[in-house]
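J.: Going by the numbering used here, the residue at position 24 of the sequence shown is 121; the numbering climbs one at a time, nothing skipped. All C-beta atoms, glycine included, are put in the ideal place defined by N, C-alpha and C. Note that the coordinates shown come from a computational prediction; the quantities given were computed from them, not determined experimentally. What follows is a single structure, and I will ask about it in a moment.
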Amino acid sequence: MKLIALIFFITTHFWLNAQVINVVEHEWEADIKVFFTSLEWNADVVVLPTKSLHHARNIEGHWYIRNRQDGRDINCINIYLVNKAALSDLKVFLTDDESRINTENMYNEKFRRRKPRNVEAADQ
Numbered sequence: 098m099k100l101i102a103l104i105f106f107i108t109t110h111f112w113l114n115a116q117v118i119n120v121v122e123h124e125w126e127a128d129i130k131v132f133f134t135s136l137e138w139n140a141d142v143v144v145l146p147t148k149s150l151h152h153a154r155n156i157e158g159h160w161y162i163r164n165r166q167d168g169r170d171i172n173c174i175n176i177y178l179v180n181k182a183a184l185s186d187l188k189v190f191l192t193d194d195e196s197r198i199n200t201e202n203m204y205n206e207k208f209r210r211r212k213p214r215n216v217e218a219a220d221q
């Protein structure tokens with residue numbers, strides 16, 4: 098299930114905005130379910146939250162997080178926050194030290210293989 102969700106995580110038109118994150122209110126609006134962990138060793142990725150949209154689009158590991166909860170935004174990756182790590186597709190640790198960013202290219206590889214939402218619905 099995690100692999101399917103991660104493969105689904107990004108389409109080619111999301112790739113340029115791959116690190117612009119939109120938090121949605123409902124699970125069905127999300128591209129992926131995320132758990133923000135307080136333990137760095139427990140995370141799949143370690144990212145740096147940034148206030149610069151330019152950094153988020155151009156520097157790997159920098160995330161611009163919008164928490165408007167207005168619903169889906171086709172120009173962002175839409176995430177739904179879960180309360181337990183076991184329910185998530187991706188565990189994320191937020192750091193304030195740029196040298197600790199650790200994505201290991203894991204999510205970038207998954208981003209490029211993501212299918213559009215309408216293609217996944219047709220597969221089911």
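#1: Check whether the Cβ atoms of Asn175 and Asp128 lie closer than 8 Å to each other.
#2: Look up His152 in the DSSP assignment and say whether it is helix, strand or coil.
#3: Measure the alpha-carbon distance for Tyr161 versus Val117 and round it to whole angstroms.
#4: Kindly indicate the opening and closing residues of the beta strand (DSSP E) around Arg163.
#5: Taking a contact to mean a Cβ-Cβ separation below 8 Å, would you say Asn139 touches Lys181 in this structure?
T.: Taking the geometry as given:
#1: yes
#2: When secondary structure is reduced to three states using DSSP, His152 falls in the helix class.
#3: 5 Å
#4: Counting along the chain, Arg163 sits inside the beta strand (DSSP E) bounded by residues 159 to 163.
#5: no
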